[in-house]
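Everything below concerns the one structure shown next.
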Amino acid sequence: MKIANMLRGFTALGVVAGIFTLTTGCESMIVFDPKGPIGAQQRDLINFTILLCLIILVPVLLLTAWIVWRFRDKKNNNAPYQPIWSHSTKLEIIWWGIPILVILVLAIATARYTYALDPAKPLESEKKPVTIQVTSLNWKWLFQYPEQGIATVNYLVIPERTPIKFELTSDGPMNSFWVPQLGGMIYTMSGMSTTLYLQADEPGNYMGTGANFTGREFAKMGFTAKAVTQADFDKWVTEAKGSGNALTDEGYQKLALPGISDRITYASIPSGLFEKIVHEYSMSRGAPPGITRKAQTLSGEKAAEHTEGGQLPPGNNAQKDVHDMGNSGQSNHHMDGMHMNHGK
Amino acid sequence: MIDQIKDFASWFFVTGDPLIYGADVAIVLTMAAIVIVLTYFKKWGWLWREWLTTVDHKRVGIMYIIASLLMLFRGGVDALMMRTQLAFPDMKFLSPEHYNEVFTTHGVIMILFMAMPLMFGLFNIAVPLQIGARDVAFPFLNSLSFWLFFFGAMLFNMSFVIGGSANAGWLSYPPLSELTGSPGVGEDFYIWGVQISGIGSLMTGINFIVTIVKMRAPGMTWSKVPMFTWSVLSSCIAIIVAFPVLTVTLALLFLDRFLGAHFFTMDGGGNAMMYVNLIWMWGHPEVYIVVLPAFGIFSEIVATFSKKRLFGYGSMVFAMISISLMAYFTWLHHFFTMGSGADVNLFFAITTMIIAIPTGVKIFNWLFTMYRGRITITTPMLWTIGFIPCFVIGGMTGVMLSVAPADFQFHNSYFLIAHFHQVLIGGVAFGYFAGLSYWWPKMFGFKLNETIGKWAFWTWNIGFYVCFMPQYVVGLDGMTRRVSSYGWDTGWWALNFISTIGGFLMGLGFLFQVWQIAHSIKFMEKDTTGDPWGARTLEWSIPSPAPMYNFAMTPIVTDRDDWWEEKERIAAGKAPKAKPELEPIHMPKNSPLPFIQSICWFIVGFGLVFHWLWIAIPGFIGVAATMLAHSFNYDTDYYIPVDEIKRMEAEARGGV
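Here the protein sequences line up with chains A and B, keeping their order.
Each residue of the first sequence is one higher than the last, beginning at 1 in my numbering.
Each residue of the second sequence is one higher than the last, beginning at 1001 in my numbering.
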């Protein structure tokens, strides 16, 4: 059967290629190549869990192969046949017991690491942490450096060996901030601010990405986290401040419109912009101006199509909310109450 | 006027994509072909009397299975379109919008419109027969459940040619699924398609719990209930608690979209994370809902083809029931990264790990069922053996994911994708394929071709590893789920390309299955014994296919594997069990109401999707009218006289 042979060759090729890439691919997997203390501990934890799981996995796989081979129905198979044998308390205790022990060990390790690697827990360091306020936008990342008074879009420069305190929120669909080589991810959510501490141990360019799906240009939400020496960082800050391009409130409104963006550097930022972004959602009754506008722009082409024939876009009552525009942000509020987790 | 119609049409129908135009043509041609064939062979009356109005659990089961296999095709084509798009960096095969629609549809269809109905199909085929019942507890409701699923699925499926598909992911997280993120009708199609079929699922859960609790044959105490029936019971317990949560969640999302409420929008006092919590309170038990019956199937098959009693019956039952209960305490592991703090994460990490224990124990019990048995490698057994390594590896990566601080590096990456496909394909799909080929002779009276079946198994199995093993690697290399393309600089292309090859191998496996079925229909060897596998439970004691009343005489159960023990007694020369006298059999009458009522629900859903109350309200009236009509119908049953039973039994056993 020709097709059968072809198929066999084809699958064999696939398997060989698969094994090849699995074994060679390991060196390049960035999660296993961390460049910071958080990432390193997470890698250790992953390795530990893999080893622990293999204690069960390997014997089970070998046992499966042996049992299927040994007890297959074949003439002259002299293996014992006991069709009635269906209970053994001893065996049951063994295979309930071993997984319970393994899970117990794993649970203890997990408990330790869960507290140790709590994203909101400050890193121990002699250096004062640098705060970076991250906002995920449709479909770009805005990074504000409140202490330096500058901001960037779609790239990040951080000093090495310095804890970075990321404060994260979203002005749009929720996203997830992830720089694998520095450590794990955390969600960015509108109306809330989450905290994530990371640190880079050596200079380098690290891939960063948005991990939670946000719509059309989600795939374009990659960014680079560039770790540099303290001197280079200070130099970069000075250069950025001198670049002359200021981020204004109006400029932010424009930036927040749906669309992709190149890298941008801003020499200055309006004070309290990050807090304002968080508040806009959490304090408003009815849709704030930004979100209404986005509803219209997002529907863009389709909305235009729909309205041409005198047909209102089905379900799109965004216009209704325009009347509520003035009401946003009127009440008094406490910023801290809205933080999902607090830096301790 | 003409311009207006044109504008309307260009908005109402999805335009601008050659793939969609192709689908349009295919849909029209298929519909025309069906109409022509039915008319030419004068089969309309037959279709109506024998199938559309039937309340027979076996026929309902067959319709579930046919519908789910069609959905498997649709979901599979979606998968291959995605894999094609991702085969090379910067591919232009699908636009980002189209890609988003395709992966959303793939997820919804595979879980809700493929796995669930295939599972319900097997419930319907096997459970009443296994427990010696004549039908399910509520045959009318059973038919209604099926038609609600069917029309819910159709409503969801038509969105890609009419109005536009949902594109916010299979669980439609807000705010992306709110009007701000998804202004079109796609999300409403999602809400109503899932909602209508979800009501059907809930009713099936109730129906089977009552069936199993109340309709077991005399003598079948809880310790003699077959393992598949136990698994169905544990799955249905999970269904009746989980599905109301889904119904409420989607209803709230609809209120947000339709009435401008703010349950899940951050503005106006709502909270998107509330939705994420709610949807996973349904979504995580849902995973166990679909996998538990597969565990039951494996238990039946392992015992049958090892010619040995199932090892550790009590342990198995305990494991399954505890899984179905613990499934409610694990939902938050789907968003460890939301920043809820260490206490919360730790609680859910540990509950998730604990659930791995009973799941793992079952593997040992299956292995030791084979141990000291005599294993025949038939296709159902092959799927079962193939399942074990696949599920063990998938379980291991699941435990890795449950470690909260490590999950920060896996979450939303291809590592996660590989993990859940491994447990859902290796566990659920393999299990249902095993069950399908196992019970096929009982459904249709002939076996599926073994050789082609083995080809199907090997291409599926090898294709699976080729497709998903590279995804673990590429996930650890930082590739996140749902990206519609990636750059050459990422270094992901080789792994993705291999993965795509694997995807197409699985597609080939599906074609083998289609060929297997077609070939077996053409060259069928009739099963005259009613027990082609030498199996153990009651369903194999009656002729294949099962007569409409299942058991001419209600069986009296005395043993756990009752049919096997009976065969042993006969082989040992002892007298078989005494059979009671034939009595007239009480049967439910067919009814067109489930079909009609489900069409009315479809109309309601369609009207609400487009916010056209002039369509939705008549639909609601139709639903109410059919409900009233049924509640005033007292002519719902009849008796088959003894002479008729004798004639039918003789006919069914004619070949013996």
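Even glycine gets a Cβ: it sits at the ideal position worked out from N, Cα and C.
Among B:P1580, B:M1443 and B:F1602, which has the Cα closest to the Cα of P1218 of chain B?
Along the second sequence, read from residue 1 onward, the residue named residue 1218 of chain B stands at position 218. Out of B:P1580, B:M1443 and B:F1602, B:P1580 has the C-alpha closest to the C-alpha of P1218 of chain B.
So is V1213 of chain B buried or exposed if we call it buried at 16+ other beta carbons inside 10 Å?
In the second sequence, counting from the first residue as 1, residue 1213 of chain B sits at position 213. With fewer than 16 neighbouring CB atoms inside 10 Å of its own CB, V1213 of chain B falls in the exposed class.
Against chain E, which members of the stretch 1401-1430 of chain B pass a CB distance test of less than 9 Å?
Judged by its chain identifiers, the structure shown contains no chain E, and its protein chains are A and B.
Name the chain A residues whose beta carbon is nearer than 7 Å to that of E1097 of chain B?
Stepping through the second sequence from its first residue, residue 1097 of chain B is reached at position 97. Here the neighbours are R216.
Taking the beta carbon of S1413 of chain B as the centre, do at least 16 other beta carbons fall within 10 Å, making it buried, or is it exposed?
Stepping through the second sequence from its first residue, residue 1413 of chain B is reached at position 413. So S1413 of chain B ends up on the buried side.
Around the Cβ of P1222 of chain B, are there at least 16 other Cβ atoms within 10 angstroms (buried) or fewer (exposed)?
Indexing the second sequence from 1 puts residue 1222 of chain B at position 222. This sequence places Trp at residue 1222 of chain B; Pro is not what is there. By the C-beta density criterion, W1222 of chain B is exposed, having fewer than 16 other C-beta atoms within 10 angstroms.
Pairwise C-alpha distance: K276 of chain A and S136 of chain A:
In the first sequence, residue 136 of chain A corresponds to position 136, counting from 1. In the first sequence, residue 276 of chain A corresponds to position 276, counting from 1. Going from the Cα of S136 of chain A to the Cα of K276 of chain A covers about 14 Å.
Excluding the five sequence neighbours on either side, which residues of its own chain have a C-beta within less than 6 Å of the C-beta of G337 of chain A, listed in chain order?
Position 337 of the first sequence holds residue 337 of chain A. Residue placement at G337 of chain A is flagged as unreliable, the pLDDT there being 37, under the threshold of 50; the coordinate-derived value follows with that caveat. Taken in chain order, the list of residues that qualify is empty.
Taking only three categories from DSSP, how would you classify G39 of chain A?
Position 39 of the first sequence, counting from 1, holds the residue named residue 39 of chain A. Of the three classes helix, strand and coil, the one that applies to G39 of chain A here is helix, per DSSP.
If you compare alpha carbons, which of A:I108, A:S170 and A:L156 is closest to T1351 of chain B?
Against the second sequence, residue 1351 of chain B aligns to sequence position 351. The candidate whose alpha carbon is nearest that of T1351 of chain B is A:I108.
Using 10 angstroms around the beta-carbon of R1482 of chain B, count the other beta-carbons present and answer buried if the total reaches 16, otherwise exposed.
Here residue 1482 of chain B is taken as the residue at index 482 of the second sequence, counted from 1. R1482 of chain B is buried by the Cβ-count criterion.
A116 of chain A, DSSP secondary structure in three states:
On the first sequence, residue 116 of chain A is found 116 positions in, with the first residue counted as 1. Three-state result, A116 of chain A: helix.
Which partner residues of K140 of chain A appear in the DSSP bridge assignment?
Position 140 of the first sequence holds residue 140 of chain A. Looking at the DSSP output, K140 of chain A sits in a beta bridge with A:L137.
Suppose the cutoff is 8 Å on Cβ atoms and the five residues either side in sequence are ignored; what does the same chain contact list for K235 of chain A look like?
Working through the first sequence from its first residue, we reach residue 235 of chain A at position 235. Within the same chain, K235 of chain A has no close Cβ partners at all.
Beta carbon of D1527 of chain B, beta carbon of F1446 of chain B: below 8 Å?
Indexing the second sequence from 1 puts residue 1527 of chain B at position 527. Indexing the second sequence from 1 puts residue 1446 of chain B at position 446. Cβ distance < 8 Å, so D1527 of chain B and F1446 of chain B count as in contact.
Would you call F1013 of chain B buried or exposed, if buried means 16 or more other Cβ atoms sit within 10 Å of its Cβ?
Taking the first residue of the second sequence as position 1, residue 1013 of chain B is located at position 13. Result: exposed.
Buried/exposed call for F1632 of chain B, threshold 16 Cβ in 10 Å
Within the second sequence, residue 1632 of chain B is the residue found at index 632, counting from 1. Burial call: exposed.
Backbone CA spacing between G1622 of chain B and C1600 of chain B [nearest angstrom]
Residue numbering aside, residue 1622 of chain B sits at position 622 when the second sequence is read from its first letter. Residue numbering aside, residue 1600 of chain B sits at position 600 when the second sequence is read from its first letter. The C-alpha of G1622 of chain B lies about 6 Å from the C-alpha of C1600 of chain B.
Residue range of the unbroken beta strand (DSSP E) whose run includes V228 of chain A:
Position 228 of the first sequence holds residue 228 of chain A. For V228 of chain A, the enclosing beta strand (DSSP E) begins and ends at F223 to V228.
Quick check on H1356 of chain B - is its C-beta less than 8 Å from some C-beta in chain A?
By 1-based counting over the second sequence, the position of residue 1356 of chain B is 356. The residue asked about is misnamed: residue 1356 of chain B is Ala in this sequence, not His. Closer than 8 Å: yes.
When the cut-off is 8 Å and only beta carbons count, does I277 of chain A lie next to chain B?
Counting from 1 along the first sequence, the entry for residue 277 of chain A is found at position 277. Answer no: the Cβ-Cβ gap between I277 of chain A and chain B never drops below 8 Å.
Give me the Cα-Cα distance between K127 of chain A and Q1085 of chain B, rounded to the nearest whole angstrom.
Numbered from its first residue, the first sequence carries residue 127 of chain A at position 127. Numbered from its first residue, the second sequence carries residue 1085 of chain B at position 85. Cα to Cα, K127 of chain A sits roughly 46 Å from Q1085 of chain B.
Can you look up V1185 of chain B in the DSSP assignment and give me helix, strand or coil?
Start at 1 with the first residue of the second sequence, and residue 1185 of chain B comes out as number 185. In this structure, V1185 of chain B counts as coil in the three-state DSSP scheme.
Under 8 Å by beta carbon: chain A residues contacting P1175 of chain B:
Residue 1175 of chain B sits at position 175 when you count from the first residue of the second sequence. Near P1175 of chain B (Cβ distances below 8 Å), the residues of chain A are G172, P173, M174 and S190.
If you draw a straight line from the alpha carbon of T1554 of chain B to that of F1208 of chain B, how long is it in whole angstroms?
Residue 1554 of chain B sits at position 554 when you count from the first residue of the second sequence. Residue 1208 of chain B sits at position 208 when you count from the first residue of the second sequence. T1554 of chain B and F1208 of chain B have their C-alpha atoms spaced approximately 19 Å apart.
Check the C-beta distance from A240 of chain A over to I150 of chain A and give it rounded, since I have them as a contact under 8 Å.
Working through the first sequence from its first residue, we reach residue 240 of chain A at position 240. Working through the first sequence from its first residue, we reach residue 150 of chain A at position 150. Right, their Cβ atoms sit about 5 Å apart.
Pull up the CB-CB distance for Y1639 of chain B and H1586 of chain B, whole angstroms please, since I reckon it's below 8 Å.
Translated into the one-based positions of the second sequence, residue 1639 of chain B becomes position 639. Translated into the one-based positions of the second sequence, residue 1586 of chain B becomes position 586. Y1639 of chain B to H1586 of chain B, Cβ: 6 Å. Contact.
In chain order, what residues of the same chain have a beta carbon less than 8 Å from the beta carbon of E1097 of chain B, not counting five sequence neighbours either side?
Taking the first residue of the second sequence as 1, we reach residue 1097 of chain B at position 97. When the five nearest sequence neighbours on each side are left out, the beta carbons in the same chain lying within less than 8 Å of the beta carbon of E1097 of chain B are those of N1167, in order along the chain.
Helix or strand or just coil, what does DSSP make of T194 of chain A?
Stepping through the first sequence from its first residue, residue 194 of chain A is reached at position 194. Secondary structure of T194 of chain A (DSSP, three-state): strand.
Interface partners of G1619 of chain B on chain A, CB under 9 Å
As a position in the second sequence, residue 1619 of chain B is number 619, starting the count at 1. The premise fails here: G1619 of chain B is roughly 17 Å from chain A at the closest Cβ pair, so nothing lies under 9 Å.
Which two residues bound the contiguous alpha helix (DSSP H) that contains I1645 of chain B?
Numbered from its first residue, the second sequence carries residue 1645 of chain B at position 645. First-last of the alpha helix (DSSP H) with I1645 of chain B: V1642 to A1652.
Would DSSP call L168 of chain A helix, strand or coil?
Stepping through the first sequence from its first residue, residue 168 of chain A is reached at position 168. L168 of chain A: strand per DSSP, three-state reduction.
Apart from the five residues on each side of it in sequence, which residues of its chain come closer than 7 Å, Cβ to Cβ, to W1492 of chain B?
The sequence position of residue 1492 of chain B within the second sequence is 492, counting from 1. Cβ neighbours of W1492 of chain B beyond the five flanking positions: V1474, D1477, M1479 and Y1486.
Count the other C-beta atoms from every protein chain shown that fall within 10 angstroms of the C-beta of F1146 of chain B, then say buried if there are 16 or more, exposed otherwise.
Counting from one through the second sequence, the residue named residue 1146 of chain B turns up at place 146. Buried: at least 16 other Cβ atoms inside 10 Å.
List the residues of chain A that R1374 of chain B touches, going by C-beta distances under 9 Å, in chain order.
Counted from its first residue, the second sequence places residue 1374 of chain B at position 374. Those are F71, R72, D73, K74, N77, A79, Y81 and P83, listed as they occur along chain A.
Would you say W95 of chain A faces chain B, with C-beta separation under 8 Å as the test?
On the first sequence, residue 95 of chain A is found 95 positions in, with the first residue counted as 1. Yes - at least one Cβ of chain B is within 8 Å of the one on W95 of chain A.
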